[in-house]
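Peer 1:
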Amino acid sequence: MSGIEIASLNKSWATFNAVQDISFTVEAGTLTVLLGPSGCGKSTTLRLIAGLESATSGAIRIGGRDVTNEPPAKRDLAMVFQSYALFPHLSVAENIVFGLKVRKVPAAERARRLQRAVDILGLSHLLDRKPSQLSGGQQQRVALGRAIVAEAPVCLMDEPLSNLDAQLRHEMRKEIRSIQKSLGMTMVYVTHDQIEAMSLADQVILMRNGRIEQKATPSELYLRPATSFAARFIGTPPMNLVELVDSAGGAVVKGTNGPALVEGKGAGLLLGVRPEEIRIASTGIVPAIVQSIDYHGADSILECLVGDQLLQVRVEGVRRHAVGDSVGLNWKPEAMHVFDRETTLRVERKVLVTADGAGEAPALRAVK
Amino acid sequence: MKKTNNMVVPWLLLLPATVLLAAFTHIPAVMTFINSFYRTPRGNRPARFVGMDHYSSMLSDPVFMAALKNNAIYALGTVPAAIALSMLMAVIVNSAIRGRALMRMSFFLPTVLPMIAVANIWLFFYTPGYGLIDQFLGLFGFHERNWLGDPDTVLGSLMVLAIWKEAGFFMIFYLAALQQISPTLSEAAALEGTSRWYFFRRVTFPLLMPTTLFVMINAIINSFRLIDHVIVMTRGGPDNASTLLLYYVYNVAFRFWDTAYASALTVVLLAVLALLAFVQFGVLDRKVHYK
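As they're listed, the protein sequences go chains A and B. So for the first sequence, my numbering puts the first residue at 254; every next one is plus one. So for the second sequence, my numbering puts the first residue at 32; every next one is plus one.
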């Protein structure tokens, strides 16, 4: 069993710092997702771990061994590429055992590992096919097979599902997670898809502009985002962030006279409330006017104007409101997050309101 | 009215190309085939049907046999060497090295030069005594040699020139093919610790096979087609040691004016080329992986 330790890792090209001062630990046998928008440095970080790029500074330890300057082959890891990197002229079986042949694994052992991998992945009827004769999902399985037969303790995945359709992505996600667990792999998984990250990860590392924005468990990331960027990146639709201003009793939503929602000054702060935490009733914490309704089937997204700030509210499917209705918005005190507008960092402030009995606010429990 | 228009317009559009193709390709080809069964008409003596006479006399024609042998050696010598060299050059200029653009240009340069100019440059290289090659070899104590005047070295000298000229051209095809190969393949192989030679043998070379087949067929056709340098440098001599098939056909047709015999030689030359192309496609096509 070997975990991964990354210590103050940096990677820069001539004028561009792709990865800046990144440190994190992946416990052995767990799955860590590197999440972030494109260009945030998550793939570069993965390639640094793999040894396909060399670090400018910092250290990478796998299983306690410093591999920062080791070539990829000596790092004891397997990798699945976004494009699968299958050899187009080799059959499925040859593709899977390619690495074992290079490493001069005896033929009997090769056959045993191949058999085990194809049994896990359900590829046994496709062994003689060429990659071009396979569907996208099957190609993905072959790429996984290559990682499985390597029997390396660490497996790296670079957006492995981004070329698949939504249905298949969902199935493969579950499959990857169950393989990772049953084989006890230590896995680092790169994706820009927050749903993939939330459903797969033991630990999510959210990156932006080459830096770590937050590292946390999926539920912590959802419940206690460390920055306004993290708050907006997780969740669909993203968390509402409304501007606060000063008022006599405390901070109020910009454009309103109250009630005071948060203790102290309000200028320069943002209040965050997730759309799914807001309930609509005839009266509520703040009055609002429905601006637009976006019907999705199981639910609808209402845009409501509070003061001069727009909030999205998720309500259950049935249309009960019309554009122009005056409504009240309710939420639980613990659903409120406060961020500094300048630094984007989370600010701990005492919340002044309690949920109004009129709305049925959802139970919110921190899952630790 | 409209119906006639529909019939006429496409034929009118095809006419220019059809006329040119027929006048310069199809009719001459058919005429060549027909003429090869007749005796060359001279003065007031008309052409007479002689059947397979020209073909049977070829077998006892020592110059034809020499040209056939020379051409076989020439093809076997230049084609594999040019292919290997062009593949090597393509791999070199495809890697991230300094001065890559300059290397690509210098490798490709021989292709751009006209064959006549190239042949004249190499005439100087091969000049006995003070030519580039003799001067270079002189540094190591070799005696001067008449490279193009010696039956033992003349064909080899022409082959070196042909390889130099052809390899740069084929390199472009290999370079294009190499750039089609996804770089993640070599990364995936690097994770397994694949050596460069093993990767080339097991991945790059098989993926280049469609290009190799294409290049090989072109190279073989070229080896029977290129004669500019023979005319400029040796005129087939000494003692027919550098006579190639097409040069012999040219001599028979336009210096001895035996056009009927030249027609028969041409038919044989085409038959040989067609046979080689069919064999290559038939044998290699099954082993080639196409995307």
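Note that beta-carbon positions come from the ideal geometry of N, C-alpha and C, so glycine has one too.
Hey, does residue 610 of chain A have any beta-carbon neighbour from chain B nearer than 8 Å?
Peer 2: Note that residue 610 of chain A has pLDDT 43, beneath the 50 cutoff, so the model's placement of it is unreliable and the number below is only indicative. So, not an interface residue.
Peer 1: Tell me which residues share the same chain as residue 300 of chain A and place their Cβ nearer than 6 Å to its Cβ, disregarding the 5 neighbours each side in the sequence.
Peer 2: 306
Peer 1: What would DSSP say about residue 259 of chain B, mapped onto helix, strand or coil?
Peer 2: helix
Peer 1: Counting pairs of beta carbons, one from the segment 247-265 of chain B and one from the segment 191-206 of chain B, are three or more of them closer than 8 Å?
Peer 2: yes
Peer 1: Please name the residue or residues paired with residue 288 of chain A in a DSSP beta bridge.
Peer 2: DSSP lists A/444, A/459 as partners of residue 288 of chain A.
Peer 1: With burial defined as no fewer than 16 other Cβ atoms inside 10 Å of the residue's Cβ, what is the status of residue 207 of chain B: buried or exposed?
Peer 2: Residue 207 of chain B should be labelled exposed.
Peer 1: Would you say the segment 585-595 of chain A touches the segment 544-561 of chain A, given that touching needs at least three Cβ pairs under 8 Å?
Peer 2: The segment 585-595 of chain A vs the segment 544-561 of chain A: no contact.
Peer 1: Within 10 angstroms of the Cβ of residue 100 of chain B, are there 16 or more other Cβ atoms? Answer buried if so, exposed if not.
Peer 2: exposed
Peer 1: If we count Cβ pairs, one from each stretch, closer than 8 Å, do we get three or more for the segment 85-104 of chain B versus the segment 291-306 of chain B?
Peer 2: yes
Peer 1: CB-CB under 8 Å to residue 261 of chain A, same chain, minus the five flanking residues each way: which ones, in chain order?
Peer 2: 274, 275, 276, 310, 311, 312
Peer 1: To the nearest angstrom, how far is it from the Cα of residue 420 of chain A to the Cα of residue 448 of chain A?
Peer 2: Between residue 420 of chain A and residue 448 of chain A, the C-alpha separation is close to 13 Å.
Peer 1: Residues of chain B with CB under 7 Å from residue 342 of chain A, in chain order?
Peer 2: 237, 238, 320
Peer 1: Under 8 Å, Cβ to Cβ, is there at least one residue of chain A near residue 130 of chain B?
Peer 2: no
Peer 1: Using the rule of at least 16 other Cβ atoms within 10 Å of the residue's Cβ for burial, across every protein chain shown, is residue 144 of chain B buried or exposed?
Peer 2: exposed
Peer 1: Ordered along the chain, which non-local residues of its own chain (more than five positions away) have a Cβ less than 6 Å from that of residue 684 of chain A?
Peer 2: What the structure shows of chain A is the stretch from 254 to 621, and residue 684 of chain A is not part of that stretch, so it cannot be assessed.
Peer 1: Would residue 443 of chain A count as contacting chain B if we go by Cβ distances under 8 Å?
Peer 2: no
Peer 1: Considering only C-alpha positions, which residue in the set A/512, A/474, A/508, A/554 is nearest to residue 529 of chain A?
Peer 2: A/554
Peer 1: Does the Cβ-Cβ distance between residue 254 of chain B and residue 94 of chain B come in under 8 Å?
Peer 2: no
Peer 1: Buried or exposed, going by whether 16 or more other CB atoms sit within 10 Å of the CB of residue 614 of chain A?
Peer 2: Confidence is the limiting factor: at residue 614 of chain A the pLDDT is only 40, short of 50, which leaves the residue's position unreliable, though a coordinate-based value still follows. So residue 614 of chain A counts as buried.
Peer 1: Could you please give the first and the last residue of the uninterrupted beta strand (DSSP E) stretch that includes residue 258 of chain A?
Peer 2: 257-266
Peer 1: Looking at chain B, which residues of the segment 354-380 of chain A have a Cβ within less than 9 Å of any of its Cβ atoms?
Peer 2: For the segment 354-380 of chain A, the residues whose beta carbon sits under 9 Å from a beta carbon of chain B are, in order, 354, 355, 356.
Peer 1: Looking at the structure shown, is residue 512 of chain A part of a helix, part of a strand, or coil, going by DSSP?
Peer 2: coil
Peer 1: For the alpha helix (DSSP H) holding residue 366 of chain A, just list the boundary residues, first then last.
Peer 2: 360-374
Peer 1: Look at the alpha carbon of residue 301 of chain B and the alpha carbon of residue 114 of chain B, and state the distance between them as a whole number of angstroms.
Peer 2: Distance between residue 301 of chain B and residue 114 of chain B, taken at the CA atoms: about 23 Å.
Peer 1: Would you say residue 543 of chain A and residue 574 of chain A are within 8 Å of each other, going by their C-beta atoms?
Peer 2: yes
Peer 1: Taking Cβ-Cβ distances shorter than 9 Å, what residues in chain B pair up with residue 460 of chain A?
Peer 2: Those do not exist, as residue 460 of chain A stays about 22 Å from chain B at its closest Cβ, beyond 9 Å.
Peer 1: Classify residue 53 of chain B: buried if its beta carbon has 16 or more other beta carbons within 10 angstroms, exposed otherwise.
Peer 2: exposed
Peer 1: Of all the CB atoms in chain B, is at least one closer than 8 Å to the CB of residue 287 of chain A?
Peer 2: no
Peer 1: What residues are listed by DSSP as bridge partners for residue 411 of chain A?
Peer 2: DSSP, once it has assigned bridges, lists A/443 as partnering residue 411 of chain A.
Peer 1: So is residue 478 of chain A buried or exposed if we call it buried at 16+ other beta carbons inside 10 Å?
Peer 2: Result: buried.
Peer 1: Run through the DSSP bridge pairs and tell me what residue 606 of chain A is partnered with.
Peer 2: Answer is none; residue 606 of chain A lacks a bridge partner.
Peer 1: Residue range of the alpha helix (DSSP H) that residue 190 of chain B falls in?
Peer 2: Start and end: 185-211.
Peer 1: Quick one: using the 10 Å Cβ neighbour count with 16 as the cut-off for buried, is residue 44 of chain B buried or exposed?
Peer 2: By the C-beta density criterion, residue 44 of chain B is exposed, having fewer than 16 other C-beta atoms within 10 angstroms.
Peer 1: I need the straight-line Cα distance from residue 201 of chain B to residue 429 of chain A, nearest angstrom please.
Peer 2: 45 Å
Peer 1: Can you check which of these residues, B/203, B/71, B/274, is closest to residue 84 of chain B by C-alpha distance?
Peer 2: B/71
Peer 1: Once you ignore the five residues that flank residue 151 of chain B on each side, which residues in its own chain have a CB closer than 7 Å to its CB?
Peer 2: 263
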